[in-house]
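Residue numbers (full-length UniProt numbering): 1 to 429. Ideal Cβ placement from N, Cα and C applies to all residues, glycine included. Input: a single structure, listed below in structure tokens.
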């Protein structure tokens, strides 16, 4: 379903006309995902990012060469209800917009999203959005909030209004492609939840063709105020494309035009117009949660996840390694949970009491090269570097196992990455 609204003139140029296109077509998210999957179902080394295409809905609004017409204010939303996802995350929605104005004066600290109370509400690090926090220059239709996820999206869409002409002359302009991300309180420093957000960001980049050559620089604008954490470097270094230098100093990293690669919306200097913006789907709407409470229906390796892995590693100048060959030693990493590294001042739970005995047993297995590692003692870059050469990851049940998304399980027929949950009665392959 599509809505077209009668345009309003900007006060600074009464002769200009603007259109709003709001698309909430059920299933189009899935259709676009199939397009991405179709382009990915080839050997990984043969699929350059340049093959990705953006939403077909944008073709009618593009100048030759792919440049979007500056006079159009556009919002496209893609909605999907995936039966394999947790029902509370439905519907799964990703939106992108042209000429989106954000007014930080309409944001105040909040413990919880209005439409999703009573979950991780211990700190006032979310934003409450007053009417006009998000604005577009058109006659904005009142959205049907049931078409959006309770995880942040309803709060955002409920605050949209038509552009306030009184803001003319006060607006800062941002030409970069901007990723708008809302993370979960406390979970933003958890490897698994970080990867759910990063994977949704990757899908948005692929669907909008923002990874293609010739695209403007991109940046990440966080719609939360959670404290700085050890995983923030992935936003500046990978999502914003700043590489290793940005990963090592994410909150000081800047792009080619001096714009910060990672910033908070609440810290904007005033009303800010984003030429191109993407509202990334919430982390709880990530495919990382698919089949969470059921056996996976597809036992085969996913090319989509393989390409996500390649994107993460190559963004940081890490070379994705092929799975081990038959004649080489299987590279085994046993993750030890110790009181070291940042965030380890508290009691460490789920520790194994006989790690020395386990390592001695692993060393007796022919054809293996076991290594005991405390990931918390390593830098984020060193952790990822280690994972690029890991064939078998062994750990107590916990978020560290999410790093298997970056290990050598590439879809190769020689060997797939296996995960062993110590203490769980899972059969070994």
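Tell me the residue span of the beta strand (DSSP E) that contains residue i.
i: residue 219; result: 218 to 222
i: residue 85; result: It is not in any beta strand (DSSP E) - residue 85 carries neither H nor E in the DSSP assignment.
i: residue 279; result: 272 to 279
Near residue i, which residues of its chain fall below 8 Å by C-beta distance, leaving aside the five closest residues on each side in sequence?
i: residue 215; result: 177 and 209
i: residue 81; result: 26, 90, 91 and 92
i: residue 369; result: 329, 330, 331 and 332
i: residue 257; result: 175, 176 and 217
i: residue 313; result: 319, 320, 384, 388 and 406
i: residue 435; result: No answer is possible for residue 435: the residues shown for the chain start at 1 and end at 429.
i: residue 170; result: 270 and 271
Just checking residue i against the ligand MG - is the residue's beta carbon closer than 8 Å to any of the ligand's heavy atoms?
i: residue 243; result: No copy of the ligand MG appears in this structure; indeed no ligand is present at all.
Contact check, residue i vs residue j under 8 Å by CB: the rounded distance?
i: residue 235; j: residue 250; result: 6 Å
i: residue 126; j: residue 106; result: Contact doesn't hold; Cβ gap of about 14 Å is too wide.
i: residue 334; j: residue 359; result: 6 Å
i: residue 155; j: residue 115; result: 6 Å
i: residue 275; j: residue 166; result: Rounded, the Cβ-Cβ distance is 21 Å, inconsistent with contact.
Hey, quick one: how far does the alpha helix (DSSP H) through residue i stretch, first residue to last?
i: residue 202; result: 191 to 207
i: residue 382; result: 380 to 387
i: residue 314; result: 303 to 315
i: residue 228; result: Segment: none, residue 228 is in no alpha helix (DSSP H) and carries neither H nor E.
i: residue 246; result: 243 to 248
In chain order, what residues of the same chain lie with their CB nearer than 7 Å to the CB of residue i, ignoring the 5 residues before and after it?
i: residue 309; result: 320, 405 and 406
i: residue 199; result: 286, 287, 288 and 308
i: residue 224; result: 125, 126, 127, 182 and 183
i: residue 375; result: 335, 383 and 400
i: residue 385; result: 318
i: residue 387; result: 403, 406 and 407
i: residue 186; result: 120
i: residue 157; result: 143, 145 and 148
i: residue 363; result: 370
i: residue 201; result: 179, 181, 239 and 280
Based on the DSSP output, what are the partners of residue i in its beta bridges?
i: residue 333; result: 371 and 393
i: residue 94; result: 78
i: residue 263; result: 221
i: residue 358; result: Note: residue 358 sits in no beta bridge, so no partner.
i: residue 254; result: 260
i: residue 211; result: The partner list for residue 211 (beta bridge, DSSP) is empty, contrary to what the question assumes.
i: residue 100; result: 274
Please list, in chain order, all residues of the same chain as residue i whose beta carbon is under 6 Å from its beta carbon, the five residues on each side excluded.
i: residue 84; result: 290 and 291
i: residue 282; result: 149, 151 and 152
i: residue 246; result: 236, 237, 253 and 261
i: residue 372; result: 334, 336 and 359
i: residue 268; result: 104
i: residue 192; result: 399 and 402
i: residue 65; result: Caution applies to residue 65, whose pLDDT of 32 falls short of 50 and renders its modelled position unreliable; the value that the coordinates give is listed next. Contacts found: none.
Of all Cβ atoms in chain D, is any one closer than 9 Å to the Cβ of residue i?
i: residue 137; result: Within the model displayed, chain D is absent; a lone protein chain is all it includes.
*Counting only runs that start and end within the stretch 108 to 188, where is the alpha helix (DSSP H) found for 4 or more residues in a row?*
153 to 158
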